[in-house]
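Worksheet: the structure to be examined is printed underneath.
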Amino acid sequence: MASIKLTNIHYRYRPGDPWILKDISLEITHGKTLVVGRTGSGKTTLLRIMAGLIPEIYGGELKGNVEISGRVGYVPQNFDAFILMPFVREELYYILENQGYSPSKVLQKTIEIADQLGIKHLLDRRVDTLSIGERQRVALASILLNKPDILLLDEPFAFLDPPSAVSLLKLLDKLDLKAIVIAEHRVDYLIEWADKVIVVDKGRIISQGDPVEVLRNTPNHIPKPIYIRYGLRSWREFIRYVGSREHMV
Ligand SMILES: Nc1ncnc2c1ncn2[C@@H]1O[C@H](COP(=O)(O)OP(=O)(O)O)[C@@H](O)[C@H]1O
Ligand SMILES: [Mg+2]
Numbered sequence: 029m030a031s032i033k034l035t036n037i038h039y040r041y042r043p044g045d046p047w048i049l050k051d052i053s054l055e056i057t058h059g060k061t062l063v064v065g066r067t068g069s070g071k072t073t074l075l076r077i078m079a080g081l082i083p084e085i086y087g088g089e090l091k092g093n094v095e096i097s098g099r100v101g102y103v104p105q106n107f108d109a110f111i112l113m114p115f116v117r118e119e120l121y122y123i124l125e126n127q128g129y130s131p132s133k134v135l136q137k138t139i140e141i142a143d144q145l146g147i148k149h150l151l152d153r154r155v156d157t158l159s160i161g162e163r164q165r166v167a168l169a170s171i172l173l174n175k176p177d178i179l180l181l182d183e184p185f186a187f188l189d190p191p192s193a194v195s196l197l198k199l200l201d202k203l204d205l206k207a208i209v210i211a212e213h214r215v216d217y218l219i220e221w222a223d224k225v226i227v228v229d230k231g232r233i234i235s236q237g238d239p240v241e242v243l244r245n246t247p248n249h250i251p252k253p254i255y256i257r258y259g260l261r262s263w264r265e266f267i268r269y270v271g272s273r274e275h276m277v
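Numbering (my numbering), first residue to last: 29 to 277.
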């Protein structure tokens with residue numbers, strides 16, 4: 029069974045520095061999890077640990093227990109650096125060829141994944157002529173070719189306008205993944221998408237559970253949608269509330 033389990037994690041990039049993550053315990057087994065916190069709170073570092081990149085790639089000092097079972101796919105914020113080939117088609121071929129597929133299977137699987145991610149029309153384009161949203165889909169396609177059970181996305185909305193952000197969430201919902209974890213501080217759309225939220229503040233988990241309940245009860249410096257700041261439960265309620273106040277002024 030695929031899962032990520034962290035127990036009493038402490039981490040710093042250099043021995044002797046202050047701890048970046050402090051006493052982190054969490055478990056990811058299924059569903060949609062949002063990791064929320066201000067910039068610098070430790071979200072990216074936490075995802076790197078969940079992806080198994082710490083300490084192998086980033087070094088540093090890690091205390092506590094990390095158990096990762098199953099396949100974990102990780103889409104970093106700088107996903108561009110992970111696209112290696114000049115053409116979209118070559119990028120997907122390269123990954124599939126490395127997996128040992130025959131040329132006809134490589135072609136078939138490339139078409140399948142491109143269809144699924146809505147990038148079939150981009151297959152013969154140069155990667156450097158694509159929009160950033162299109163490149164994000166190419167990066168996502170190449171990660172999905174490794175058939176992850178759990179997908180981690182770091183600030184996937186950073187370069188997207190609102191319609192592209194919504195369309196990315198719809199796409200993620202169509203993928204047959206066991207668990208998805210998104211780290212973001214732009215939480216307006218994600219709060220209704222997520223089953224669970226984990227709030228990170230200054231390297232500690234200060235709260236986790238039901239998104240609306242948890243964000244209602246976290247301090248004001250934690251990113252949250254405006255409707256929660258007004259004590260309401262949804263955008264729908266917020267719009268009704270704003271409408272009802274209009275004739276009072
Ligand atoms: N590769 C690195 N080497 C040293 N310090 C780092 C590195 N990456 C992040 N940090 C530091 O770790 C802290 C947490 O950063 P990060 O995990 O990127 O938080 P967030 O993703 O919430 O913005 C910050 O103080 C940041 O400067
Ligand atoms: Mg980050």
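Note that CB positions come from ideal geometry on N, CA and C, so glycine has one too.
ask   = Is there contact here, the region 142-151 with the region 173-191, by at least three beta-carbon pairs under 8 Å?
value = no
request  = Below 6 Å CB to CB, which residues in the same chain sit around residue 153 once its five sequence neighbours on both sides are set aside?
outcome  = 116
request  = Please specify which runs of the beta strand (DSSP E), each continuous and at least 3 residues long, are wholly inside the region 58-86, giving them in chain order.
outcome  = 59-64
task = Could you tell me whether any non-hydrogen atom of ligand 4 is closer than 7 Å to the CB of residue 246?
result = Here the bound small molecules are ligand 1 and ligand 2; ligand 4 is not part of this structure.
key: Residue range of the unbroken beta strand (DSSP E) whose run includes residue 32   = 31-40
message = For a test of the three-state rule: what should DSSP assign to residue 277, helix, strand or coil?
response = Its pLDDT being 49, under 50, residue 277 is placed unreliably in this model, and the coordinates cannot settle the point.
key: Rounded C-alpha distance that separates residue 34 from residue 191   = 34 Å
query = Is residue 86 near ligand 1, going by C-beta to nearest heavy atom under 7 Å?
reply = yes
Cβ-heavy atom distance, residue 164 to ligand 2, below 7 Å = no
Same chain, Cβ closer than 7 Å to residue 206, neighbours up to 5 away in sequence not counted = 30, 58, 177 and 178
inquiry  = Comparing C-alpha positions only, which one of 203, 98 and 135 sits nearest to residue 165?
reply    = 203
task = Return yes when at least one heavy atom of ligand 2 lies under 7 Å from the C-beta of residue 182, else no.
result = yes
ask   = Measuring from the CB of residue 230, is there a heavy atom of ligand 2 at a distance below 7 Å?
value = no
inquiry  = Quick check: residue 213 and residue 67, are their CB atoms within less than 8 Å of each other?
reply    = yes
ask   = So who's on the other strand from residue 55, going by DSSP bridges?
value = 33
ask   = Beta carbon of residue 32, beta carbon of residue 231: below 8 Å?
value = no
request  = Starting from residue 92, follow the alpha helix (DSSP H) in both directions and report where the run begins and ends.
outcome  = Per DSSP, residue 92 belongs to no alpha helix (DSSP H); it is in the beta strand (DSSP E), 89-97.
Extent of the continuous beta strand (DSSP E) run through residue 7 = Given that the chain is displayed from residue 29 to residue 277, the structure contains no residue 7 and the question cannot be resolved.
inquiry  = Tell me which residues share the same chain as residue 96 and place their Cβ nearer than 6 Å to its Cβ, disregarding the 5 neighbours each side in the sequence.
reply    = 32 and 80
query = What does DSSP give as the partner residues of residue 154 in its beta bridges?
reply = 115
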